[in-house]
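This report concerns only the one structure given below.
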Amino acid sequence: MKMRLLGLLLVFGLGVVSAEKLVCYFSSWAVWRPGNGKFDVDDIPPELCTHLVFGFAGLSNYTWSVEVLDPWNELCPDEEGGSRCAYNRFVALKKQNPKLLTILGVGGWREGSEDYSVMADDPAKRKTFIDSTIFLINKHGFDGLDLDWEYPAARGGIPEDKENFVTLLSELREAFHKFNPPLLLSAALAQGKPTMDAAYDIPAIASLLDQAHIMTYDYHGAWDNFTHHNAPLCGYYLDWGINIYFNVVYTINYFLEHGMPKEKLVMGVPTYGRCFTLDSIHDHGMLAPASNPGPPGPYIRLPGTLGFNEICERMLSMDCSIVHDPALHEPYFYCPEDKIWCGFDDEDSVYEKARYAKNMGLGGVLVWTLDTDDFHPLCYDEPFHLIQNMKRALSTPADGKIVECAAVTPTGDIATTTEMSTVFTTQESTSTTTQKPITTTQNPITTTQEPITTTQEPITTTQEPITTTQKPTTTTQEPITTTQNPTTTTQEPITTTQNPTTSLRPISSTTEGPGPHPRPDCSKHIDGSVFPHEDCNKYWLCINGQAVLELCGPGTLFDEDLMICNWKENVDTSHCKLWLCEVDNVYYPAVDCDKYYRCYQGSPHLEQCANGLYWNQALSMCDIPARVDTSQCNIP
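Under mature numbering (1 follows the signal peptide of the UniProt record, and there is no 0), the letters of the sequence shown match residues -19 to -1, 1 to 617, in that order.
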């Protein structure tokens, strides 16, 4: 690689505040993971991070209040539905580290965009959301809010979201400033250029946010049909089309050039990898054909994704090769046994990314997530090895070595067939700890096959689509999607007084399968096993030996061939029921037996039966439970 050391004046002569913040996200649903993957509030070291974000609370689309998504875990026994006090235990970490700031995250990938779009477009709904958020934050002692709307003007949103997002942040800022000290306001922001262009008035939101958390990961994954890295610091020399924008340095420069102050910008670093199944193990380099996601790991249990803890354990037990392609700053590995290929970050690449943030004078780095690092530890001689390396990088004084990306070939030459320009700097020494031996490396093999072009925006997944965050019993809340949220336990559920038989029209369904898929007997299957449901947008998930019905995320349906939620255009719906909202006031079943969807303005809206009744799809009405088939829904 060609090297260049930028003058120290660039960093120090401009009075830049060097990165100091280490913002760590906690996946509250990690408490339900099996074995060594289980991670609870009590596993968080209070001194590790400067800020902790609790992921996530949600938004009710019938009260428009913020709502607790897993009351059994989050709330205490003296609150309705509560048991494990995770909110209070999370905030109590400040007693051990008084400098620590604890923030409530609201939103996430599975919450979608549509409900936030509706809320932000209505002054009364915005006020309800803001007032309820302040109440929940103050009740449990959080220091502020991290708004994770994914994303304005996308995924069911409207073009006006860009302006409405500013209005929402402005009203939140005004309300938060009434407290002494003011409540902290941050937002998790997208990394893909098409999304950023449509979603954000950056100068306006920059003036309102205390911190801008940029999700600089999920640039590539199993939604592509070729291998590429999850979070490349720099562009790859064979990148083409829209892919030239999918790297960390481009995203950071985009926000800076559009008016985001450096000191407010917090750069994302992942503790997980995105994985593929190679079409051929003999073609295992970058941009190799890969039509399917990689197999799930034992903890996250999500096809196409492995936590770093799952990766390092795999390296200890399987014959895999780690590759350091000289045209990348991050490694990838592949394993002949199951043809998995996974681009991930190791101790060196996270150190280099944190040093980049430090020398750029950014506000700091964010970690997604605490619970996918090697926290036990099983692979290194210290817990949270990746995060500790980021912390070491941030605590080392800035030295002016700033990486600016050029497309560099494996021979070290600057590529000429890409729009990217710039150069690399030296990679610094990273870790003082000792890694337990895990594998051998080999020279990278870069495929010469022309990759299949994709124009799809990368998916940012800040919540696992095939997990549960609910009380581990046979009755659970519904998973979060753009069009539906579970009833909050601290409020009386909204009921309907309409007799659904008076003005119903037949449900619109493009296809209907030959018959329902039976509820699986999960006593005969391991936890995390998934099975298809008769409805295309649902699937069964085995939890503690019980079958729990879940929803696929927005824009996806359950793919029986891959056994994952896949983009709807890629799913064969000939063997399941596909519900569509083509006209208003049609109805279809929800996940819980006592709820249903009503189609309104082209979208489904969740409603609840009154007085203990269950939804009877055959009669299109709420009915007594004895007359309802409950084999295809969760009994509340």
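Where a beta carbon is used, it is the ideal one built from N, C-alpha and C, also for glycine. For clarity, every value in this text was computed on a predicted model and none was experimentally measured.
Checklist entry - Mapping DSSP to helix, strand and coil, what is GLY288? => result strand
Next on the checklist: Using a Cβ-Cβ cutoff of less than 6 Å, which residues in the same chain neighbour ASP102 once the five nearest sequence positions on both sides are dropped?
Outcome noted: ASN145
Item to check | Simplified DSSP assignment, three categories, for HIS506 | outcome: Coil at HIS506, not helix or strand.
Checklist entry - Which one of ASP354, VAL230, GLY536 and VAL22 has the shortest CA to CA distance from LYS65? => result In the sequence as displayed, the identity of residue 65 is Arg instead of Lys. Of ASP354, VAL230, GLY536 and VAL22, the smallest CA-CA separation from ARG65 is found for VAL22.
Checklist entry - Taking the alpha-carbon positions, what's the ASP604 to THR197 distance? => result 48 Å
Item to check | When TYR231, ILE25, ASN17 and TRP53 are compared against VAL4, the one with the closest alpha-carbon | outcome: ILE25
Next on the checklist: Just to confirm before moving on: does the CB-CB distance between GLY288 and TYR253 stay below 8 Å?
Outcome noted: yes
Checklist entry - How should ALA238 be labelled, buried or exposed, when 16 other C-beta atoms within 10 angstroms of its C-beta is the threshold for buried? => result In the sequence as displayed, the identity of residue 238 is Glu instead of Ala. Label assigned to GLU238: exposed.
Item to check | Nearest to VAL529 (by Cα), restricted to the options VAL564, ALA379 and PRO617 | outcome: Checking every option, the nearest Cα to that of VAL529 belongs to PRO617.
Checklist entry - Hey, would you say PHE37 sits closer than 8 Å to GLY86, going by beta carbons? => result yes
Checklist entry - Can you tell me where the beta strand (DSSP E) with TRP322 in it begins and where it stops? => result 321 to 324
Checklist entry - Given a threshold of 16 other Cβ atoms within 10 Å of its Cβ, counted over all protein chains shown, does TYR569 qualify as buried or as exposed? => result By the neighbour-count criterion, in which 16 or more other beta carbons inside 10 Å mark a residue as buried, TYR569 falls on the buried side.
Next on the checklist: Does the structure place the segment 179 to 194 close enough to the segment 208 to 220 that three or more beta carbon pairs sit under 8 Å?
Outcome noted: Under the Cβ criterion (8 Å, minimum of three pairs), the segment 208 to 220 does not count as touching the segment 179 to 194.
Item to check | ALA607 versus TYR595 - alpha carbon distance | outcome: 9 Å
Item to check | Cutoff 8 Å; reference CYS293; Cβ partners in own chain excluding five residues on either side | outcome: So the list reads ASP355, LEU359, CYS360, TYR361 and ILE419, once near-sequence residues are dropped.
Item to check | Selected residue, minimal CA-CA separation from THR258, among GLY278, PRO162, TRP322 and TYR217 | outcome: Relative to THR258, the option among GLY278, PRO162, TRP322 and TYR217 whose CA is nearest is TRP322.
Checklist entry - Among residues of its own chain, excluding the 5 on either side of GLY536, which ones have a beta-carbon nearer than 7 Å to its beta-carbon? => result ARG136, TRP548 and LYS549
Next on the checklist: Once DSSP output is grouped into helix, strand and coil, what is the label at CYS293?
Outcome noted: helix
Item to check | Residues sharing a beta bridge with THR83, DSSP | outcome: LEU33
Checklist entry - Does the beta-carbon of ASN551 have 16 or more other beta-carbons within 10 angstroms, so that it is buried, or is it exposed? => result exposed
Next on the checklist: Considering only the alpha carbon of each residue, which of ASN119, LYS106 and ASP553 lies closest to LEU149?
Outcome noted: LYS106
Item to check | Nearest neighbour of MET100, chosen from GLU48, ASN54, SER41 and GLY63 [CA to CA] | outcome: If we check each option's Cα against that of MET100, SER41 comes out closest.
Item to check | C-alpha distance - LEU532 paired with ALA379, whole-angstrom precision | outcome: 46 Å
Next on the checklist: So, with DSSP's three-state summary, where would you put PHE512?
Outcome noted: Strand, per DSSP.
Next on the checklist: For MET544, which residues in the same chain have their Cβ closer than 6 Å to its Cβ, ignoring the five residues on either side in sequence?
Outcome noted: VAL511
Checklist entry - Quick one, are the C-beta atoms of LEU153 and LEU126 less than 8 Å apart? => result yes
Item to check | Residues sharing a beta bridge with THR258, DSSP | outcome: ASN273 and ILE321
Item to check | Cut-off 8 Å between Cβ atoms - residues of its own chain near VAL346, not counting five sequence neighbours on either side | outcome: ALA(-1), LYS2, LEU3, VAL4, VAL247, MET248, GLY249, VAL250, LYS334, ALA335, ALA338, MET371 and LEU375
Next on the checklist: To the nearest angstrom, how far is the alpha carbon of GLY216 from that of GLU311?
Outcome noted: 11 Å
Checklist entry - How long is the line joining the alpha carbons of ILE118 and ASP142, rounded to whole angstroms? => result 25 Å
Checklist entry - If we count the other Cβ atoms within 10 Å of its Cβ and call it buried at 16 or more, is PHE160 buried or exposed? => result exposed
Checklist entry - Is ASP573 helix, strand or coil by DSSP? => result strand
Checklist entry - Taking the alpha-carbon positions, what's the ASP199 to LEU587 distance? => result In a straight line, the C-alpha of ASP199 is about 30 Å away from that of LEU587.
Checklist entry - What whole-angstrom Cβ distance do GLU48 and ALA67 have, given they're in contact under 8 Å? => result That belief does not hold up - the Cβ atoms of GLU48 and ALA67 are roughly 15 Å apart, past 8 Å.
Checklist entry - If we call anything under 8 Å between Cβ atoms a contact, is MET241 one with ALA193? => result Yes, the pair counts as a contact, with Cβ atoms nearer than the cut-off.
Next on the checklist: On the criterion of 16 or more Cβ atoms from any shown chain inside 10 Å, does PRO432 qualify as buried, or is it exposed?
Outcome noted: Only weak support is given to the placement of PRO432: the predicted model assigns it a pLDDT of 37, under 50, and the value that follows is read from those uncertain coordinates. Under this definition PRO432 is a buried residue.
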